[in-house]
Structure formats: structure tokens, C-alpha cells
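Accompanying notes for the structure given below.
Protein chains: 2
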Amino acid sequence: MELKVIAYARNGHTDKFGIPRQSRDESPILTRIVFEPEYKIAEALRGIEGYSHLWLIWGFSKNQSEISGGPNSLDWSPTVRPPRLGGNKRMGVFATRSPFRPNPIGLSSVRLVGMENGDLIVSGADVLDGTPIYDIKPYLSFSDSHEDAQNGFAEEHKDERLEVTGYGITESRDSGIPEEALRDLEYILSQDPRPGYQDDPAREYKLDYMGWTVTFVVEGAKVIVRKIEKI
Amino acid sequence: MELKVIAYARNGHTDKFGIPRQSRDESPILTRIVFEPEYKIAEALRGIEGYSHLWLIWGFSKNQSEISGGPNSLDWSPTVRPPRLGGNKRMGVFATRSPFRPNPIGLSSVRLVGMENGDLIVSGADVLDGTPIYDIKPYLSFSDSHEDAQNGFAEEHKDERLEVTGYGITESRDSGIPEEALRDLEYILSQDPRPGYQDDPAREYKLDYMGWTVTFVVEGAKVIVRKIEKI
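Quick look at the structure:
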């Protein structure tokens, strides 16, 4: 089957580094779904405002695939090393949400926040800016929700969070960053964006989001922001 | 993006008529996921047994698309008439799970029941026998489950069920049908397989499942089975 791009995702994740590894209801990050001219038809969205959540079916880009530190192409591999397992344990690709799949399709449930000029505004999408979208479906709780599902190896890692401190966060510094971008960055950093389990407190990371670069280190379960600057 | 078929679904739904309209946890219907030779690799499933539920991403076939009484091809339309709304009210295609989408991709959460000879056995899939599968992902409750999601127009129709009675069900008749096929048929009939809201108690329907043909009528909220015969 040949998939046609119906829309593109637009958000502050211009850098692959920092994209949350799964969609999360509590994510404040907004994404705009901008339809391609052929699919920008008001009628096609009739009734969608009655749903609180939607599914996005989208494509991993070559760029995004590098997040996991895997091969530099979208070739698939029968086993992958999930970052949440420290990057040194192999799991079957169909037991993970890794991008290195036979068909590099991503699946994310997002919250429908609003509609504007024929675009959809959603929150919680774990996608790079410019990600191609292939389908949008309503989320149906009676079919799609399994609150008590067993989450395999992901279970024990699902609530890992880092405390975010430092420059402009716990220290009052005026970087000029807008409130919204700062709130998003705090969320992104709390999710531990480091590739695999790198555990070197001296290592400085830089992450771009919404036109801002944040510099930080990680000590134990604490992110210490060193600087926030306009790109 | 060009999708490669990684597996085919095998189940008793050799007839498009009778396939439940969504996947449901309570569905007893078993489907076997048979991998194509290139993807039949034990390693690719390592760790999958730790998950209770999986996602299937699959393709609507031309045949299946006829279920909804829509156009006789997979052309998409900005609006569709959901059968659950009586087939006479138009909704935007992205507000429905209709097959007549720009990319005719289906999405179903299923329960992982077992593994056998490198195949996966799942329950609850709402797919035709022979459906191509493009991806299999683990279901992650912390990301995918939204118990309180608002279901739009689908909400008020989600629990509609018919009572199943008659030949071989409430009347003791020995058709020779195996226990398992009968249990599945009772479930299928309870879901009201009629296209749209046809409401003619005199109209006799025939449905094929697992090599058996069931003949039935519907009176109000009651299915009356007239006959069960081997095809």
C-alpha cells in the first residue's frame, strides 16, 4: 500500500533530541496538524469536536530515527535496544515502539485541544516538527482503552521522572524565554531526554526547542539547567 | 511511504458481513497472525509475551470496504454515513473509523492470547480473514489508555446489543456446529451485523462464519436464528 501524506505536524521540536519517547496525556506540548491542500476540507472534520482524544498515524523520518542511537537509516532489525532499558538489552522489535520497524509507522494518542483555520491543535504528540501524518482517527474508549493492560518491560520504567532545577527554573534568571516554552522545556527535561542511560554528571547536553537552546547536566535524578539562550 | 505486508490475519470471518465494527475486549473471536516468510523471525517477538494487548495496523481490503454499503472501491470521501447512526447522517471521515479514508489503514487493539509456531494468536480483532497486517506494536496503558475519553457520536451507541435467540441457541437443535463457532456467532449476532438501520422483521439475513451459514431475522432488539448449516 502506498500512503499519501494528508498533513504535517508543526511544533517546537525542531531538534530530534528531546522528543518524549511516548505520547502522554499530561504533556503540555502543543502540535498543530496542518492539512495538505487536497485534504484541507472543513467537512472532513465534521463531528470531531465531540472527541477528547484522537489517534495520529504518522511516519518516522530518517532524522527522528537517530534519536534511539540506532543505525543511520530506517532499516529494520528483528531486535532493538530500548533506551529505557539502558540501551544494552535487546528486545524483539514487535515488543517495542522503536522506529526501526519493517514499516516505520508511528502511532500516538493525543488530546484534541482546538481547531483553528482548518488545522487541528493537539497536545501530547511525541513527534518531530514536520512529521508527515497519514491518518487521523477518533479515539474510542470502549474499543481502545485497556486501563489494566500489562506493559511488559515498559511497566517498571513508565513513571521515571527527573527533578528539574537550575537556571531560570529554581534560580531566578531572565533569559527572556516565553512562559509556554519554559513550561514545555521543564516537561521535556523531566522525561530524561538522554540517549540510553548515559550517566556522566560532567557531560553537558544541549537541546533546542521552540527557538531556544537549553544547556543542562544530569546528576542522579536531577536535571540542572545551566543556560537558556535564544538560538 | 510504501507499506510492506508483514503478516496476514487468519480467522473465521471469510465473509465481510458480520465482522464487528470495532475491536472489543469481550470479543471471543480468535485471529491468527501468520507472518510472511521474511518477517517470521522468533527474535522479533522477544518480550512480547509480557504484554496483554497489542496494536494491529492493517489494511482495509476492497471487499471489506463494502461492509458499510459505501462506494464499491476504496475511494475516500470527506464525509461518510456511519452505520451506527442509521446510515443517513453524514460525519467527517476523520471523526469516524470508516474504511473510506485517504489512506485505508485500520487500527485495532487486540488481546494477546498465545503464540504458536511463530504465529501470534489474538482475540477481539475486527478484521476479515486474509487482511494484510503492516505493523504490530505493544499496547502501553500509560500512553494509550484514556478511560474517560469523550467518544463523540459513538458514545450513545457503544453498548447497543441484541438478544440472540432461536435455532440452536434457545431452541435445542443439533446442527453439528462446534461449540467455539457457536459462541463466536452468538457474539457476532449480538453486535447487530445489519448494514445501517435496516428494520424489517421479515427480512432474512445469511451470514457465513468458520464454514457455517447462519440464517436469521431481527425483530426489535432480538435476533431470531432460523437455521445453522454447514456451507
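From first to last, the protein sequence lines are chains A and B. FYI, the numbering used here numbers position 47 of the first sequence as 48, with every residue one higher than the one before it. FYI, the numbering used here numbers position 224 of the second sequence as 225, with every residue one higher than the one before it. Cβ atoms here follow ideal geometry from the backbone N, Cα and C, with glycine treated the same way. Just so you know, these numbers come straight off a predicted model, no measurement behind them.
Contacting residues, own chain, Cβ-Cβ under 7 Å from G19 (chain A) (five flanking each side not counted)
Residue 19 (chain A) sits at position 18 when you count from the first residue of the first sequence. Excluding sequence neighbours, G19 (chain A) sits near I189, P194, L208, Y210.
Rounded C-alpha distance that separates D120 (chain B) from R98 (chain B):
Stepping through the second sequence from its first residue, residue 120 (chain B) is reached at position 119. Stepping through the second sequence from its first residue, residue 98 (chain B) is reached at position 97. Near 27 Å, if we compare the C-alpha coordinates of R98 (chain B) and D120 (chain B).
Sequence-distant residues of its chain with Cβ nearer than 6 Å to Q201 (chain B) (five each side left out)
Within the second sequence, residue 201 (chain B) is the residue found at index 200, counting from 1. Correcting the residue type first, residue 201 (chain B) is Asp in the shown sequence and not Gln. Closer than 6 Å at the Cβ level, and outside the excluded window around D201 (chain B), lies no residue.
For the region 84 to 94 of chain B and the region 168 to 177 of chain B, state whether three or more C-beta atom pairs, one from each stretch, are separated by less than 8 Å.
no
Going straight from the alpha carbon of E187 (chain A) to that of Q23 (chain A), what length do you get?
Taking the first sequence and counting its residues from 1, the one referred to as residue 187 (chain A) is at position 186. Taking the first sequence and counting its residues from 1, the one referred to as residue 23 (chain A) is at position 22. E187 (chain A) and Q23 (chain A): Cα-Cα distance of roughly 16 Å.
Since F36 (chain A) is in the beta strand (DSSP E), which residue starts that stretch and which ends it?
Here residue 36 (chain A) is taken as the residue at index 35 of the first sequence, counted from 1. It spans 31 to 36 - the beta strand (DSSP E) in which F36 (chain A) sits, taken as one unbroken run.
Nearest-angstrom beta carbon gap, Y40 (chain A) and A8 (chain A) [assumed within contact, 8 Å]:
Here residue 8 (chain A) corresponds to residue number 7 of the first sequence, with the count starting at 1. Here residue 40 (chain A) corresponds to residue number 39 of the first sequence, with the count starting at 1. Their Cβ separation, rounded to whole angstroms, is 7 Å, which keeps A8 (chain A) and Y40 (chain A) in contact under 8 Å.
Straight-line Cα distance separating Q199 (chain A) from I225 (chain A)
The sequence position of residue 225 (chain A) within the first sequence is 224, counting from 1. The sequence position of residue 199 (chain A) within the first sequence is 198, counting from 1. Whole-angstrom Cα-Cα distance: 15 Å.
Reference E156 (chain A); option with closest CA among A:S191, A:T15, A:E27, A:R85
The sequence position of residue 156 (chain A) within the first sequence is 155, counting from 1. Of A:S191, A:T15, A:E27, A:R85, the residue nearest in Cα terms is A:R85.
Anything in the region 14 to 44 of chain A with a Cβ closer than 7 Å to a Cβ of chain B? List those residues in chain order, please.
Q23, S24, R25, D26, Y40, I42, E44
Start-to-end residues for the beta strand (DSSP E) that takes in R11 (chain A):
Here residue 11 (chain A) refers to the residue found at position 10 of the first sequence. Start and end: 8 to 11.
With distances taken from CA atoms, which of A:D136, A:E230, A:G221 is nearest V35 (chain A)?
The count along the first sequence starts at 1 and reaches residue 35 (chain A) at position 34. Selected option, being the one with the closest Cα: A:D136.
Interfacial residues, the region 80 to 103 of chain A to chain B, with Cβ spacing under 8 Å:
T80, R91, M92, G93, V94, F95, A96, T97, R98, R102, P103
Inter-residue spacing [alpha-carbon to alpha-carbon] between K159 (chain A) and S142 (chain B):
For the purposes of this step, residue 159 (chain A) is identified with residue 158 of the first sequence, where counting begins at 1. For the purposes of this step, residue 142 (chain B) is identified with residue 141 of the second sequence, where counting begins at 1. If I take the Cα positions, the gap works out to 10 Å.
Nearest to D16 (chain B) by CA position, among B:E117, B:E205, B:D127, is which residue?
Counting from 1 along the second sequence, the entry for residue 16 (chain B) is found at position 15. The shortest Cα separation from D16 (chain B) among B:E117, B:E205, B:D127 belongs to B:D127.
Anything in the region 119 to 137 of chain B with a Cβ closer than 7 Å to a Cβ of chain A? List those residues in chain order, please.
Y135, D136, I137
What number of angstroms, rounded off, separates the C-alpha of P21 (chain A) from the C-alpha of S78 (chain A)?
Mapped onto the first sequence, residue 21 (chain A) falls at position 20. Mapped onto the first sequence, residue 78 (chain A) falls at position 77. Distance between the alpha carbons of P21 (chain A) and S78 (chain A): 22 Å.
Going straight from the alpha carbon of P103 (chain A) to that of G60 (chain A), what length do you get?
Residue 103 (chain A) sits at position 102 when you count from the first residue of the first sequence. Residue 60 (chain A) sits at position 59 when you count from the first residue of the first sequence. Cα to Cα, P103 (chain A) sits roughly 12 Å from G60 (chain A).
May I ask you to list, following chain order, the residues of the region 145 to 171 of chain B that have a beta carbon less than 9 Å from some beta carbon of chain A?
D145, S146, H147, E148, D149, A150, Q151, N152, G153, F154, A155, E156, K159, D160
Helix, strand or coil for K223 (chain B) per DSSP?
To locate residue 223 (chain B), count along the second sequence from 1; it is residue 222. Residue state, collapsed to three classes: strand.
Hey, how far is the Cα of H14 (chain B) from the Cα of I170 (chain A)?
Here residue 14 (chain B) corresponds to residue number 13 of the second sequence, with the count starting at 1. Here residue 170 (chain A) corresponds to residue number 169 of the first sequence, with the count starting at 1. Looking at the two C-alpha atoms, the distance is approximately 57 Å.
Would you say L113 (chain B) and L55 (chain B) are within 8 Å of each other, going by their C-beta atoms?
As a first step, residue 113 (chain B) is located in the second sequence; it is residue number 112 there, counting from the start. As a first step, residue 55 (chain B) is located in the second sequence; it is residue number 54 there, counting from the start. It is a contact, given that the beta carbons lie within the stated cut-off.
Within the 8 Å Cβ cut-off, does P194 (chain A) reach chain D?
Going by chain labels, chain D is absent from the structure shown, which instead holds the protein chains A and B.
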